[in-house]
Amino acid sequence: YQSFAQGEIIFREGEPGDRLYIVAEGQADIVADGQVLETVEAGGILGELALIDDKPRSARAVARTDCVLTPITRQHFLTLVQRTPLFALQVMRVMAERLRRANTRSRA
Numbered sequence: 001y002q003s004f005a006q007g008e009i010i011f012r013e014g015e016p017g018d019r020l021y022i023v024a025e026g027q028a029d030i031v032a033d034g035q036v037l038e039t040v041e042a043g044g045i046l047g048e049l050a051l052i053d054d055k056p057r058s059a060r061a062v063a064r065t066d067c068v069l070t071p072i073t074r075q076h077f078l079t080l081v082q083r084t085p086l087f088a089l090q091v092m093r094v095m096a097e098r099l100r101r102a103n104t105r106s107r108a
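Numbering (the working numbering) for the sequence shown: 1 to 108.
(1) Which of helix, strand or coil does DSSP assign to Pro71?
(2) How do the region 79-88 and the region 50-57 stand: do at least 3 beta-carbon pairs fall below 8 angstroms, yes or no?
(3) Compare the beta carbon distance of Ala59 and Glu13 with 8 angstroms and say whether it is the shorter of the two.
(4) Report yes if the C-beta distance between Ile22 and Thr65 is below 8 angstroms; otherwise report no.
(5) Please tell me whether Gln27 and Val36 are closer than 8 angstroms, where the distance is taken between their beta carbons.
(6) Taking only the alpha-carbon atoms, compute the straight-line gap between Glu38 and Ile30 and give it to the nearest angstrom.
(7) Strictly by DSSP, which residues pair up with Asp33?
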């Protein structure tokens, strides 16, 4: 587990994405262009996009509250996907939901 104090940066836009995080306690904001795109609560994930496409982070993550996160490295992620296909499906669902919300915002 990794603990972050309210306001602490979890990762920055442009950094390499070598892990995703599962929020165990608290809340974390995903921020791009100065706007909060999403608040991720306990049980949610963040940082998965850069882990999957091996490109730099597309947004930053900031602890909205004091929070505890579980980091999942790329190797651990690949093992989870191989052993637990439902985990991969859950990650895809999160990505699909975020894409749909982004599409809705761009139409507004």
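Backbone N, C-alpha and C define an ideal beta-carbon position, used for all residues, glycine too.
Put simply:
(1) As a first step, residue 71 must be located in the sequence shown, where it is residue number 71. DSSP places Pro71 in strand when its eight states are reduced to three.
(2) Output reads no: the region 50-57 does not touch the region 79-88.
(3) Taking the first residue of the sequence shown as 1, we reach residue 59 at position 59. Taking the first residue of the sequence shown as 1, we reach residue 13 at position 13. In contact: Ala59 and Glu13 (Cβ atoms closer than 8 angstroms).
(4) For the purposes of this step, residue 22 is taken as the residue at position 22 of the sequence shown. For the purposes of this step, residue 65 is taken as the residue at position 65 of the sequence shown. No, the Cβ-Cβ distance between Ile22 and Thr65 is not below 8 angstroms.
(5) Walking along the sequence shown from the start, residue 27 turns up at place 27. Walking along the sequence shown from the start, residue 36 turns up at place 36. For Gln27 and Val36, no; Cβs fall outside 8 angstroms.
(6) As a working note, residue 38 is residue 38 in the sequence shown. As a working note, residue 30 is residue 30 in the sequence shown. So the two alpha carbons sit approximately 5 angstroms from each other.
(7) Position 33 of the sequence shown holds residue 33. Answer is none; Asp33 lacks a bridge partner.
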